[in-house]
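Enquirer: Here it is, the structure in full.
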Amino acid sequence: MQWFCGTIKKKNHAQVPMPYHGKNIGDESNPLWICGEWKSGEVRTFVHQDKTLYVIGHCFANDQEIEVLFQKSENESHYGKLMKFNGNYHLIIQEREKLFIYGDVVGLRPIYYIEMENYIVFSSSSLPLQQLIQAKLNSAWIAMRLICPGAIPGVVRNQGPYKGIQLLEPGCFLTLSKDQLNQTRYWSAPEAIGSCQENAPLFRERLLSSLRERLAWTSRISSNLSGGMDSTSLAVLTAKLLEEQNQKLYAFTQVTKVETEDAFYAKEVVKESSNIHHVLMDQEADPYDNITEFLPLTDEPVPIGNIEQIKLFIQRVHALGSEIHLDGGGGDNVLCAPYAYLADLIKQGKYKTFLSHAYAWARLSAVSPLTTIRRIYTFSRLSYPGWLQQQIKILENGTTANSTAGWFEPPSTAAWFSKQSHEMVTELLRQSASQVSESLPKMPGTFATVAGMQCMGRYLRNIQQLIHHYGIHYSYPYFDQAIVDICLATRAEERMTPYAFKPLLVQALQQDLPDVLLKRRSKGSYSGDYYKGMRKNLSAIQQFFQSSRLHEMGLIDAKMMIQEIETPTNDLGSSLQKIIQVMSVEAWLQNIEANQPTFWSEEAVPLSIST
């Protein structure tokens, strides 16, 4: 596993933990350990006077650009500028006996930390810290993950699945010294004042730059080509860049047994793209085949059902010698906007645009325009704490949220979630309503955009962590810093409109993409494949949940959930996504019990955790 960690001593003669097979690139008093395999350029060190800068990850600035800006950064108020380079990376600045540690803005580059009696330990992964202090599971966080995963970036920002391990919020930096430990925000969503027409050329320029920089790291690159606009656009652009090097792009399309639309579009695009070697991955396994077989450990649960198909995919990519594999993950989050943007239009006094968009969205969804307009108007009058109180009442009453928009994706419950789970989630929502951070976005649309982006970032980070175990860097260009900023700087009502699909992408790449892709207005759905896999593997799923950890923790009624899957006439409908979420968390819980790699040397046992 690729990870790093470091320590700050609170007492000068304290013994600090030492990772197993790590390389110390820091000093002896405050070591910084790099663990696992890192490629050339992924870890860079710069020294200026009494300060040392470590850039860890994929920062696309060259050494001179970093050095110049670092030398101009006199103190912590200036260090945030070093995070404006394109790419996705960590920054660590050592300033005498103080450390400043930066993660990214979406959550692909997390920082976890624990405070002990004699020292503080930080890490890019929670797994080593869990092993170090034998941290217990955080049941309330797990309940939130089951019932309201979209709330995690806003409600439990500093928490993860283990007690006693804190998480640095995306867009914040951590200040560490022997008598200081605090988080400070360095990034806020840019003001969305640009039009699609104004920002499209810059978006295209930055996206091409992101792809060129990856090719500068290695030409051994492959890509997903799902047939959807996001990954297919990356594949087409990368293929054109590789053509300049007389190389072809290997692009992968998953051909499933139920969902066929994506594969159709993928094949049509390849017909018009001469430099793509198309790899069609026929479905050789169904979701939940070999459900008891575990994947490598990740910091958080990964909702992957088709383990066998994922393994086949990784084998194919690895056999090609690919070092970076491109994926369109995050594209929806930055190229579109949540429906809460409609409430922002009201608050901004853009009433004509609001009525036009609300009416059109209602017609597209085959619901009453008057009802939609009334709901959005009512929602726009609710503060964040007020909306949280509304969600608490919905959970307490056991009803389902009936809302077009929210500050984040609202709770979604089921009969087989326990009373204890509901109580834990409502308590977390209640605490959040009483402790609203002043640094969070004040507009519901912007808040929901950032929360959705960071929720997706945490999910993609664990996919990335999983696949990196096999020596492949799974890369998400849409979550590069420069791409995020230019997308969010584009007016939400132009990124998200009922009259065009992903207009920023279409306007930016209309000369690059085939017409068949530019004219697509739909997205593929793989729910049918998951349902089919559940029905096929029902007996294995029943056995899998006979010793359910979630059931033992009192968070679900496993028998009741299995009964819902068993009902022959039940297509699961809205319950399907909840069941997929439960199964992913259950698999992760059983995996962390069965799979415990060694992260620390024998002398790394901590004395006691600080309270």
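In this text, residue positions in the sequence shown follow our numbering: the first is 492, and each later residue adds one.
Cβ atoms here follow ideal geometry from the backbone N, Cα and C, with glycine treated the same way.
Just so it is clear, the structure is predicted and the values come from calculations on it, not from any experiment.
Check whether the Cβ atoms of P968 and L817 sit closer than 8 Å, and answer yes or no.
Expert: Taking the sequence shown and counting its residues from 1, the one referred to as residue 968 is at position 477. Taking the sequence shown and counting its residues from 1, the one referred to as residue 817 is at position 326. Closer than 8 Å, so yes.
Enquirer: From the DSSP output, which residues share a beta bridge with R676?
Expert: The residue you call residue 676 lines up with position 185 of the sequence shown. Bridge partners of R676: C663.
Enquirer: Taking a contact to mean a Cβ-Cβ separation below 8 Å, would you say D554 touches N579 in this structure?
Expert: Mapped onto the sequence shown, residue 554 falls at position 63. Mapped onto the sequence shown, residue 579 falls at position 88. No, these two residues do not count as a Cβ contact at 8 Å.
Enquirer: Throw me the rounded Cβ distance for the I583 and L628 pair, which I believe falls under 8 Å.
Expert: On the sequence shown, residue 583 is found 92 positions in, with the first residue counted as 1. On the sequence shown, residue 628 is found 137 positions in, with the first residue counted as 1. Going by Cβ atoms, the distance from I583 to L628 rounds to 29 Å, so no, they are not a contact pair.
Enquirer: Distance check for M720 and N521, CA to CA, integer angstroms please.
Expert: Here residue 521 is taken as the residue at index 30 of the sequence shown, counted from 1. Here residue 720 is taken as the residue at index 229 of the sequence shown, counted from 1. Cα to Cα, the separation comes out at about 46 Å.
Enquirer: What span of residues does the alpha helix (DSSP H) with K542 cover, start to end?
Expert: Taking the sequence shown and counting its residues from 1, the one referred to as residue 542 is at position 51. Taken as a continuous stretch (DSSP letters only), K542 belongs to no alpha helix (DSSP H), being part of the beta strand (DSSP E) at 542–550.
Enquirer: What do you get for I798, buried or exposed, if any count of 16 or more other CB atoms within 10 angstroms of its CB means buried?
Expert: By one-based count along the sequence shown, residue 798 stands at place 307. Buried is the call here.
Enquirer: Thinking K802 and Q774 are a contact (beta carbons under 8 Å), I'd like their distance in whole angstroms, please.
Expert: Against the sequence shown, residue 802 aligns to sequence position 311. Against the sequence shown, residue 774 aligns to sequence position 283. With 8 Å as the limit, K802 and Q774 do not qualify as a contact, their Cβ atoms being about 13 Å apart.
Enquirer: Assign T917 to one of three DSSP states: helix, strand, or coil.
Expert: On the sequence shown, residue 917 is found 426 positions in, with the first residue counted as 1. Helix.
Enquirer: Determine the direct distance from the alpha carbon of Q1001 to that of V727, and round the result to whole angstroms.
Expert: Counted from its first residue, the sequence shown places residue 727 at position 236. Counted from its first residue, the sequence shown places residue 1001 at position 510. Between V727 and Q1001, the C-alpha separation is close to 12 Å.
Enquirer: If you reduce the DSSP assignment to three classes, tell me which class W898 lands in.
Expert: The residue you call residue 898 lines up with position 407 of the sequence shown. Looking at W898 - three-state DSSP - the assignment turns out to be coil, as it is neither helix nor strand.
Enquirer: I want to check one thing, is the minimum distance from the CB of G889 to the heavy atoms of the ligand MN below 7 Å?
Expert: Absent from the structure shown: the ligand MN. Ligands present: none.
Enquirer: For R1166, count the other beta carbons within 10 Å of its own beta carbon; 16 or more makes it buried, fewer makes it exposed. Which is it?
Expert: Outside the displayed span of the chain (492 to 1102) sits residue 1166, for which this structure offers no information.
Enquirer: Alpha carbon to alpha carbon, what distance is there between N566 and N673?
Expert: What you label residue 673 is simply residue 182 of the sequence shown in a count that begins at 1. What you label residue 566 is simply residue 75 of the sequence shown in a count that begins at 1. Approximately 16 Å, taken between the alpha carbons.
Enquirer: Could you compute how far the alpha carbon of P1106 sits from the alpha carbon of S1013?
Expert: The first residue shown for the chain is 492 and the last is 1102, placing residue 1106 beyond what the model contains.
Enquirer: Under the three-state reduction of DSSP, which class applies to E814: helix, strand or coil?
Expert: Position 323 of the sequence shown, counted from the first residue, corresponds to residue 814. Note: E814 maps to coil in three-state DSSP.
Enquirer: P968 by DSSP, collapsed to three states: which one?
Expert: To locate residue 968, count along the sequence shown from 1; it is residue 477. Of the three classes helix, strand and coil, the one that applies to P968 here is helix, per DSSP.
Enquirer: Could you check which residue in L623, N609, R587, E588 has the C-alpha nearest to that of Y603?
Expert: Translated into positions along the sequence shown, residue 603 becomes position 112. Among L623, N609, R587, E588, the Cα nearest to that of Y603 is on L623.
Enquirer: Give the DSSP bridge partners of Y653, in chain order.
Expert: Here residue 653 corresponds to residue number 162 of the sequence shown, with the count starting at 1. Note: Y653 sits in a beta bridge opposite L628.
Enquirer: Mapping DSSP to helix, strand and coil, what is N824?
Expert: Along the sequence shown, read from residue 1 onward, the residue named residue 824 stands at position 333. N824: helix per DSSP, three-state reduction.
Enquirer: With a Cβ-Cβ cutoff of 8 Å, do V825 and A634 count as a contact?
Expert: The residue you call residue 825 lines up with position 334 of the sequence shown. The residue you call residue 634 lines up with position 143 of the sequence shown. Contact flag unset, no.
Enquirer: With C-beta atoms as the reference, is G598 less than 8 Å away from R949?
Expert: On the sequence shown, residue 598 is found 107 positions in, with the first residue counted as 1. On the sequence shown, residue 949 is found 458 positions in, with the first residue counted as 1. Result yes, Cβ atoms of G598 and R949 sit closer than 8 Å.
Enquirer: Three or more C-beta pairs under 8 Å: does that hold for the stretch 937–944 against the stretch 790–797?
Expert: The stretch 937–944, when compared against the stretch 790–797, does not touch it at the 8 Å Cβ threshold.
Enquirer: Quick check on Q671: does DSSP put it in helix, strand or coil?
Expert: Within the sequence shown, residue 671 is the residue found at index 180, counting from 1. The answer is strand: DSSP assigns Q671 an E or B state.
Enquirer: Can you tell me whether L658 is helix, strand or coil according to DSSP?
Expert: Within the sequence shown, residue 658 is the residue found at index 167, counting from 1. Of the three classes helix, strand and coil, the one that applies to L658 here is strand, per DSSP.
Enquirer: Excluding five sequence neighbours on each side, which residues of the same chain lie with their C-beta closer than 7 Å to the C-beta of L919?
Expert: Working through the sequence shown from its first residue, we reach residue 919 at position 428. The residues are A631, M635, V646, V647.
Enquirer: Measuring CB to CB, does V534 end up less than 8 Å from I547?
Expert: The residue labelled residue 534 in the question sits at position 43 within the sequence shown. The residue labelled residue 547 in the question sits at position 56 within the sequence shown. For V534 and I547, yes; Cβs fall inside 8 Å.
Enquirer: Three-state secondary structure (DSSP) at Y604?
Expert: In the sequence shown, residue 604 corresponds to position 113, counting from 1. The answer is strand: DSSP assigns Y604 an E or B state.
Enquirer: Using the Cβ count rule (16 or more neighbours within 10 Å means buried), how would you classify A552?
Expert: Locating residue 552 in the sequence shown gives position 61, where the first residue counts as 1. It is buried - the Cβ of A552 has at least 16 other Cβ atoms within 10 Å.
Enquirer: Pull the bridge partners of D773 from the DSSP assignment, please.
Expert: The sequence position of residue 773 within the sequence shown is 282, counting from 1. Looking at the DSSP assignment, D773 forms a beta bridge with V746.
Enquirer: Going along the chain, which unbroken runs of the alpha helix (DSSP H) with 4 or more residues stay wholly within the stretch 981–1067?
Expert: Runs of the alpha helix (DSSP H) inside the stretch 981–1067: 983–986, 994–1000, 1006–1009, 1018–1027, 1029–1035, 1040–1043, 1049–1057.
Enquirer: Using the rule of at least 16 other Cβ atoms within 10 Å of the residue's Cβ for burial, across every protein chain shown, is T863 buried or exposed?
Expert: One-based indexing of the sequence shown puts residue 863 at position 372. The residue is buried, with at least 16 neighbouring Cβ atoms inside 10 Å.
Enquirer: Measure the alpha-carbon distance for Q881 versus S923 and round it to whole angstroms.
Expert: Here the question's residue 881 lines up with position 390 in the sequence shown. Here the question's residue 923 lines up with position 432 in the sequence shown. Each residue's alpha carbon lies about 13 Å from the other.
Enquirer: Where does V793 land, buried or exposed, given buried means 16+ other C-beta within 10 angstroms?
Expert: Within the sequence shown, residue 793 is the residue found at index 302, counting from 1. It is buried - the Cβ of V793 has at least 16 other Cβ atoms within 10 Å.
Enquirer: Would L1008 and T723 be called neighbours here (beta carbons separated by less than 8 Å)?
Expert: Working through the sequence shown from its first residue, we reach residue 1008 at position 517. Working through the sequence shown from its first residue, we reach residue 723 at position 232. Their beta carbons are under 8 Å apart, which means L1008 touches T723 by this criterion.
Enquirer: Give the straight-line distance between the Cα atoms of D541 and M574, rounded to the nearest whole angstrom.
Expert: Residue 541 sits at position 50 when you count from the first residue of the sequence shown. Residue 574 sits at position 83 when you count from the first residue of the sequence shown. Cα to Cα, the separation comes out at about 21 Å.
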